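Below is one structure, written out as structure tokens, with a few remarks after it.
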Amino acid sequence: MKKLLLLGDIHANYPALKAIDNYIHPDGFDLIINTGDFTVYSTFPNETIQWFRERKKTICILGNTDRRILRILKGKKLRKPKKQEKRIMYFWTSENLLPKNAAYLKSLPAQNDFIIDSIHIGLFHGTREDADEELFPNAPESRFQKLAKGSPYHVQIMGHSHVPYHKIVEGVHFINPGSVGRMFDGDPRASFAILKISAGTIAVEHFRISYPVEAVVKDLKIHQLPDVYSKMFQKGKKLN
Ligand SMILES: [Fe+2]
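Once you know that position 6 of the sequence shown is 59 in this note's numbering, the rest is easy, because the numbers rise by one and skip nothing.
So this is what it looks like as structure tokens:
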């Protein structure tokens, strides 16, 4: 049996990642997967990236926030997001990211795929057709069918919507582990999933665990960053 830890949309919320680390002991997994968005909206991008850099058995991809950070670091203009409070968070992150962690981000692909015990797994931030697509579990069945058909993958792991789910359409498993650091459903607890593969069978279990949100709030205040993010993490809701 192979055991994969599915993480994603951490958004620099290291206290949430650390809580998962303490809860499940990641060394017991064959692989640790990250669907992207390591960075932005909390103040621990370095600790978050370092956590992955210190581990050997990881497969990670970039999310939209990470791609934007890399664009800023290249000296390109940031057209989106337009909201000033969001832009502050992007520029704060790019200014505070250590070069070795920026280099790690730069080394990551936008999507990836791998085979475990003959099961072909695709890893995407949005979907296999569009890295910026938010695929919610209540999307039309036809959308899932289109993504399932003509793809070599038995399993498609995605992030970006921040909504945890596991759906089987046309025999293809669509899995979103939810967001470790920035859930939007009014429950601030960290979300993640465990994928077990054994003799061709696939089992998925989702988890929600609490973490010290106040550690995030305290650090946002220390760095005098917009108050809306403190409220966002406390409420577990998208506020801007
Ligand atoms: Fe995200």
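From the three backbone atoms N, C-alpha and C, an ideal C-beta is built for every residue, glycine too. All values derive from a computational prediction rather than experimental measurement.
- As DSSP reads the structure, T111 sits in a beta bridge with I85.
- Y218 sits in a strand when the DSSP states are folded into three classes.
- Here the distance from the Cβ of D80 to the nearest heavy atom of ligand 1 is not below 8 Å.
- Judged by the Cβ position, R121 fails to qualify as a neighbour of ligand 1 at the 8 Å threshold, every heavy atom of the ligand being at least this far.
- Looking only at K135, V225, F144, G239, the smallest Cα-Cα distance to G128 is reached by F144.
- Taking the Cβ of N66 as the reference point, every heavy atom of ligand 1 lies at 8 Å or farther away.
- Boundaries of the alpha helix (DSSP H) around L200: 194-201.
- With 16 or more other CB atoms across the displayed protein chains lying within 10 angstroms of its CB, K139 is buried.
- Cα atoms of Q103 and L70: separation of roughly 12 Å, rounded to the nearest angstrom.
- Between the alpha carbons of T254 and I141 lies a gap of roughly 45 Å.
- Contact fails between the region 260-280 and the region 115-133, because fewer than three Cβ pairs, one in each stretch, are under 8 Å apart.
- Taking non-hydrogen atoms of ligand 1 into account, the C-beta of G116 is found less than 8 Å away from one of them.
- For M211, the three-state secondary structure derived from DSSP is strand.
- When C-beta atoms of the region 82-97 are compared with those of the region 281-292, three or more pairs fall below 8 Å, so the two segments count as touching.
- With contact defined as three or more Cβ pairs closer than 8 Å, the region 232-242 and the region 190-210 are not in contact.
- No residue range can be given for L131, since it is assigned to no alpha helix (DSSP H) and is classified by DSSP as neither H nor E.
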